[in-house]
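Engineer: One structure coming up, written as structure tokens, with questions to follow.
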Amino acid sequence: MIEDPWGAIISKGKAYHGVRIPGHKKGLRIYRQFVEQVCDNWENVKRLCSSAKQFENKVKADN
């Protein structure tokens, strides 16, 4: 099972791979700002984060 990146990584810190997340309580709305950036840099995200690569493999296997 792939660990939920929200609970495991993103919600625990304001800075993630050099991206500053504003605010004390971080909700889904704030991360919607980064969707396009993550998608545009997906190959680099997978290179830096093994969970992202596992996630992609799982999604492809399920389809």
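Read in the working numbering, the sequence shown has 45 at position 8, and its numbers run on one by one without any break.
Here a beta-carbon is modelled for each residue, glycine too, at the ideal position from N, C-alpha and C.
These figures come from a predicted structure and were not determined experimentally.
Report the CB separation of Val82 from Val72 in whole angstroms; it is logged as a contact under 8 angstroms.
Structural biologist: The residue given as residue 82 occupies position 45 in the sequence shown. The residue given as residue 72 occupies position 35 in the sequence shown. Rounded, the Cβ-Cβ distance is 12 angstroms, inconsistent with contact.
Engineer: If you draw a straight line from the alpha carbon of Ala98 to that of Ser87, how long is it in whole angstroms?
Structural biologist: For the purposes of this step, residue 98 is taken as the residue at position 61 of the sequence shown. For the purposes of this step, residue 87 is taken as the residue at position 50 of the sequence shown. Rounded to the nearest angstrom, the two C-alpha atoms are 17 angstroms apart.
Engineer: Skipping 5 residues on each side, what residues in its chain have a beta carbon closer than 6 angstroms to that of Ala89?
Structural biologist: For the purposes of this step, residue 89 is taken as the residue at position 52 of the sequence shown. Excluding positions up to five away in sequence, the list reads Val82 and Lys83.
Engineer: Look up Asn81 in the DSSP assignment and say whether it is helix, strand or coil.
Structural biologist: Counted from its first residue, the sequence shown places residue 81 at position 44. Asn81: helix per DSSP, three-state reduction.
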